[in-house]
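Scroll down for the structure; my scribbles are underneath it.
Protein chains in written order, with this note's numbering: chain Y, 2 to 386; chain G, 2 to 386.
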């Protein structure tokens, strides 16, 4: 059911003619209330797309009536005219819904540097408004309309006691997506105010979207939004709400990892025994982004020397003599030297688990990544995206 | 002539049986004086190979009689036993040359995590000592003996007035080599003391080896050594010496860039108008290491949106409205939006020049890199190295 699962939401996904392919390319998610609390987190990239600048601004009110999303163009690096296009899109949605533009967030994904075809966007908004519906199909149509190089729609739901969370996502990461954009819209019918919604969203994304790192790239458009209708009439505790939001977010992140461009492996890198959680995340990311590690794993090679090389670049405390490196349960490096022959670690399957134990403290983190394959090179060299 | 070009040096490269292939795998470079000043710069990786730990230690004296180098094994992550192997190698060289181990630097390259076959190393040192010779062939043999996945030996020379500099290199970078190791030995017959040699080497490597970034990896073994015999009797000014050392180093770096694994493009990224040189270097590296930029360039695609995305991740001052991005002389992005159609920039040739002008200051730097190709993925996934 994804975004229409929670009571109080309708959605639509239509083919507006933004994409040359004629595929669905414009989605609308509407919160019919009674509540309209909302929160958002956005890319840390210094080059921010027009829709990010707009949505960040309107989210200061922590209220949203609707989100409009398009694929087929990122509307990034498009100057003041691009910002006006985003504003005009929000105005158009506000008009058809009888609300103000300040209650409409905008998300875009696709090629950087090109203006959007605004006639298509406007007529697409009209078509989407007519198609708005609380059905499962409508949510799936919306989830499809935001895809770019994704091979499938990615949706998830979570059930509380008398309330629920739903959401969809496209792309491949929060701080390190593999293509132009990672966009996610989450909905809930729980009763929760904007401030708590913001707290819950930051807590959830910090340990889910923020820990997926496919190729170190951070998009100009990354956005995660959550909208709360309060239609269930149930007010969960903040802890309870945050836990379910984290669980639904993680479900979506696993789907991003599985569908990342060219990926043949789903790799979990756990760094434990770190002096701080920040060290653990940093070291995990350094390993996840290392092309020599990623190509070795594409070749199913437990080449722990490359993992040691990669983590040695980290700006974090490391003691080589305490360090342990294991792949798929086999400890290959310990006590400053080789522990077991790497032939003992079988990495031929799709799922690979790397555990690095620094033995320096109590903190740990897991970064999810993928391998670097011929498919990745092919997709990203043969097509502009 | 490379390392034997300057007066006072002999070299050798032999097949010691360290590599299973039977190729040359052990090199010796000897300084017959009269001077023995030396300097070295080493990897910044926190995981340092045994030969790096050893050579850094002996270089504190700023004197070297000889350098022994092996391919076929990095002797990294090999614990105290690995360090003893390096020490024993230096002792063996000292014995055959009638000097002390403290005057012998050691460099190793190859797979991380395996001990060296010390019997082969020892008999190889004997064979190399017998083959020592001041000829051009001897220098070329030495340059060949350190290669791993390199496809050719890389040597350079530079001529001062009555003095000269020679050198060889293997691998692909100083702070970001593409494989296990970048090693370089430079020689000179100029009269120069250890302190000035050290200053000149740091100045030269900072703008040459340190600005090559093939894939962001920093080896456990990276080493650049320079040995001065003083045999010419000529004492150039420090500025003159530094200039020639920089020029010879840059020649070697260009050869590394050309021979990087799987590279189909030689890419120069110039960042100008930066608030500081450090910002220019940092932004150049961020672009050079971005897989979406590298795959687009492999596909000869002037996808400047990916360059904008990559540099937006930099921890440096950036003003999108002032930013300009040009590829091969065509300005594609300026004034916050698209400047020219990217079809106008032809990137089909091997050489690609990217110029990013931040318009924020007076500083600039150029980072040399390569593309991310199927060949890179193939070499690094199909073979352990």
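C-beta atoms are modelled at their ideal positions from N, C-alpha and C, and glycine is treated no differently.
Original post:
Taking the C-alpha atoms as reference points, what is the distance between residue 180 of chain Y and residue 118 of chain Y?
Top reply: Counting from one through the first chain, the residue named residue 180 of chain Y turns up at place 179. Counting from one through the first chain, the residue named residue 118 of chain Y turns up at place 117. Only weak support is given to the placement of residue 180 of chain Y: the predicted model assigns it a pLDDT of 45, under 50, and the value that follows is read from those uncertain coordinates. Each residue's Cα considered, the two are about 21 Å apart.
**OP:** Go to residue 283 of chain Y, then tell me how far its alpha helix (DSSP H) extends in each direction, as first and last residue.
**Re:** By one-based count along the first chain, residue 283 of chain Y stands at place 282. Element bounds for residue 283 of chain Y: 278–289.
Subject >> Beta-carbon spacing of residue 206 of chain G, residue 225 of chain G below 7 Å >> reply: To locate residue 206 of chain G, count along the second chain from 1; it is residue 205. To locate residue 225 of chain G, count along the second chain from 1; it is residue 224. Result yes, Cβ atoms of residue 206 of chain G and residue 225 of chain G sit closer than 7 Å.
Original post:
Which residues of chain G have a Cβ atom closer than 9 Å to the Cβ of residue 164 of chain Y, listed in chain order?
Top reply: If you number the first chain from 1, residue 164 of chain Y lands on position 163. Those within 9 Å of residue 164 of chain Y in chain G number zero; the least Cβ separation is about 37 Å.
Subject >> Where residue 196 of chain Y falls, given that 16 or more other Cβ within 10 Å makes a residue buried >> reply: What you label residue 196 of chain Y is simply residue 195 of the first chain in a count that begins at 1. Exposed, because fewer than 16 other Cβ atoms sit within 10 Å of the Cβ of residue 196 of chain Y.
Original post:
Is residue 178 of chain Y buried or exposed, if buried means 16 or more other CB atoms sit within 10 Å of its CB?
Top reply: Indexing the first chain from 1 puts residue 178 of chain Y at position 177. Low confidence applies here, because residue 178 of chain Y scores a pLDDT of 49, under 50, leaving its location unreliable and the question unanswered by this model.
**OP:** Could you pull out every residue in the same chain whose Cβ sits closer than 8 Å to the Cβ of residue 294 of chain G, ignoring the five residues on either side in sequence?
**Re:** Numbered from 1 along the second chain, position 293 holds the residue referred to as residue 294 of chain G. Correct list, in chain order: 288, 304, 307, 308, 311.
**OP:** Show which residues of chain C have a CB atom less than 9 Å away from the CB atom of residue 338 of chain Y.
**Re:** The structure shown has no chain C; the protein chains it does contain are Y and G.
**OP:** Sort out for me which residues DSSP pairs residue 188 of chain Y with in a bridge.
**Re:** Here the question's residue 188 of chain Y lines up with position 187 in the first chain. Per DSSP, Y:167, Y:228.
**OP:** Starting from the beta carbon of residue 300 of chain Y, find every residue of chain G whose beta carbon is closer than 7 Å, and list them in chain order.
**Re:** By one-based count along the first chain, residue 300 of chain Y stands at place 299. Neighbours of residue 300 of chain Y on chain G, chain order: 382, 383.
Subject >> Beta-carbon neighbours of residue 310 of chain G, restricted to chain Y and to distances below 7 Å >> reply: Translated into positions along the second chain, residue 310 of chain G becomes position 309. Under the 7 Å cutoff, chain Y gives 46, 48, 113, 218, 220, 221.
**OP:** Assign residue 153 of chain Y to one of two classes, buried (16 or more other C-beta atoms within 10 Å of its C-beta) or exposed (fewer than that).
**Re:** Translated into positions along the first chain, residue 153 of chain Y becomes position 152. Its Cβ having fewer than 16 others within 10 Å, residue 153 of chain Y is exposed.
Original post:
Does residue 288 of chain Y get closer than 7 Å to chain G when you measure Cβ to Cβ?
Top reply: As a working note, residue 288 of chain Y is residue 287 in the first chain. So no, residue 288 of chain Y is outside the interface.
Original post:
Which residues, in chain order, does the stretch 348–381 of chain G contribute to contact with chain Y at a C-beta distance below 7 Å?
Top reply: 373, 374, 375, 378, 381
Subject >> Best match in Y:126, Y:88, Y:7 for proximity to residue 103 of chain Y [C-alpha to C-alpha] >> reply: Within the first chain, the letter at position 102 stands for residue 103 of chain Y. Nearest C-alpha to residue 103 of chain Y: Y:88.
Original post:
Applying the criterion that 16 or more other CB atoms from any shown protein chain within 10 Å of the CB defines a buried residue, is residue 365 of chain Y buried or exposed?
Top reply: If you number the first chain from 1, residue 365 of chain Y lands on position 364. Buried.
**OP:** Note down, in chain order, every chain G residue with its Cβ under 8 Å from the Cβ of residue 292 of chain Y.
**Re:** As a position in the first chain, residue 292 of chain Y is number 291, starting the count at 1. 216, 217, 218, 292, 373, 377, 381, listed in chain order.
Subject >> Cα-Cα separation between residue 8 of chain Y and residue 140 of chain Y, rounded to whole angstroms >> reply: Position 7 of the first chain, counted from the first residue, corresponds to residue 8 of chain Y. Position 139 of the first chain, counted from the first residue, corresponds to residue 140 of chain Y. Rounded to whole angstroms, residue 8 of chain Y to residue 140 of chain Y spans 13 Å at the Cα level.
Original post:
Shorter than 7 Å from the beta carbon of residue 178 of chain Y to some beta carbon of chain G?
Top reply: Along the first chain, one-based indexing puts residue 178 of chain Y at 177. Here the model assigns residue 178 of chain Y a pLDDT of 49, short of 50, so the residue's position is not dependable and the matter cannot be decided.
Original post:
Counting Cβ pairs closer than 8 Å, one from the stretch 343–351 of chain Y and one from the stretch 57–76 of chain G, do we hit at least three?
Top reply: no
Subject >> Inter-stretch contact (C-beta, 8 Å, three-pair minimum) for the stretch 345–359 of chain G and the stretch 261–279 of chain G >> reply: yes
Subject >> Residues within the stretch 197–215 of chain G neighbouring chain Y, beta-carbon criterion of under 8 Å >> reply: none
Original post:
Where residue 162 of chain G and residue 260 of chain G are concerned, what is the direct C-alpha to C-alpha distance, given to the nearest angstrom?
Top reply: Along the second chain, read from residue 1 onward, the residue named residue 162 of chain G stands at position 161. Along the second chain, read from residue 1 onward, the residue named residue 260 of chain G stands at position 259. Each residue's alpha carbon lies about 31 Å from the other.
Original post:
Is residue 164 of chain G closer than 7 Å to residue 194 of chain G when the C-beta atoms are compared?
Top reply: Here residue 194 of chain G refers to the residue found at position 193 when the second chain is read from its first residue. Here residue 164 of chain G refers to the residue found at position 163 when the second chain is read from its first residue. Against a cut-off of 7 Å, the Cβ pair of residue 164 of chain G and residue 194 of chain G comes out as no contact.
Original post:
residue 198 of chain G to residue 148 of chain G, Cα distance in whole Å?
Top reply: The sequence position of residue 198 of chain G within the second chain is 197, counting from 1. The sequence position of residue 148 of chain G within the second chain is 147, counting from 1. Cα to Cα, residue 198 of chain G sits roughly 26 Å from residue 148 of chain G.
Original post:
If you draw a straight line from the C-alpha of residue 105 of chain Y to the C-alpha of residue 30 of chain Y, how long is it?
Top reply: Start at 1 with the first residue of the first chain, and residue 105 of chain Y comes out as number 104. Start at 1 with the first residue of the first chain, and residue 30 of chain Y comes out as number 29. If I take the Cα positions, the gap works out to 10 Å.
**OP:** Name the one or two DSSP bridge partners that residue 142 of chain G has.
**Re:** Counted from its first residue, the second chain places residue 142 of chain G at position 141. Residue 142 of chain G pairs with nothing; no bridge assigned.
**OP:** Look at residue 171 of chain Y and residue 253 of chain Y and say whether their C-beta atoms are less than 7 Å apart.
**Re:** To locate residue 171 of chain Y, count along the first chain from 1; it is residue 170. To locate residue 253 of chain Y, count along the first chain from 1; it is residue 252. It is not a contact, given that the beta carbons lie outside the stated cut-off.
Subject >> Touch test, the stretch 6–22 of chain Y against the stretch 123–141 of chain Y, Cβ-Cβ under 8 Å, three pairs minimum >> reply: yes
**OP:** Would you kindly report the start and end of the unbroken alpha helix (DSSP H) that includes residue 356 of chain Y?
**Re:** If you number the first chain from 1, residue 356 of chain Y lands on position 355. Run containing residue 356 of chain Y: none in the alpha helix (DSSP H); it sits in the beta strand (DSSP E), 352–358.
Original post:
Which same chain residues, not among the five before or five after residue 361 of chain G, have their C-beta less than 7 Å away from its C-beta?
Top reply: One-based indexing of the second chain puts residue 361 of chain G at position 360. For residue 361 of chain G, where only same-chain residues beyond five positions count, the Cβ hits under 7 Å are 274, 275, 276, 318, 320, 323.
**OP:** Starting from the Cα of residue 359 of chain Y, find the closest Cα among Y:167, Y:327, Y:369, Y:84 and give me that residue.
**Re:** Counting from one through the first chain, the residue named residue 359 of chain Y turns up at place 358. Nearest C-alpha to residue 359 of chain Y: Y:327.
**OP:** Mind checking who residue 43 of chain G pairs with in its DSSP beta bridge?
**Re:** Mapped onto the second chain, residue 43 of chain G falls at position 42. BP columns for residue 43 of chain G point to G:224.
Original post:
Does the stretch 330–341 of chain Y touch the stretch 230–250 of chain Y, meaning 3 or more C-beta pairs lie closer than 8 Å?
Top reply: no
**OP:** Output the boundary residues of the beta strand (DSSP E) element that contains residue 61 of chain Y.
**Re:** By 1-based counting over the first chain, the position of residue 61 of chain Y is 60. Counting along the chain, residue 61 of chain Y falls outside any beta strand (DSSP E), and DSSP gives it neither H nor E.
**OP:** Go ahead and label residue 125 of chain G buried or exposed: buried means 16 or more other beta carbons lie within 10 angstroms of its beta carbon, across all protein chains shown.
**Re:** The residue you call residue 125 of chain G lines up with position 124 of the second chain. When all chains shown are included, residue 125 of chain G counts as buried.
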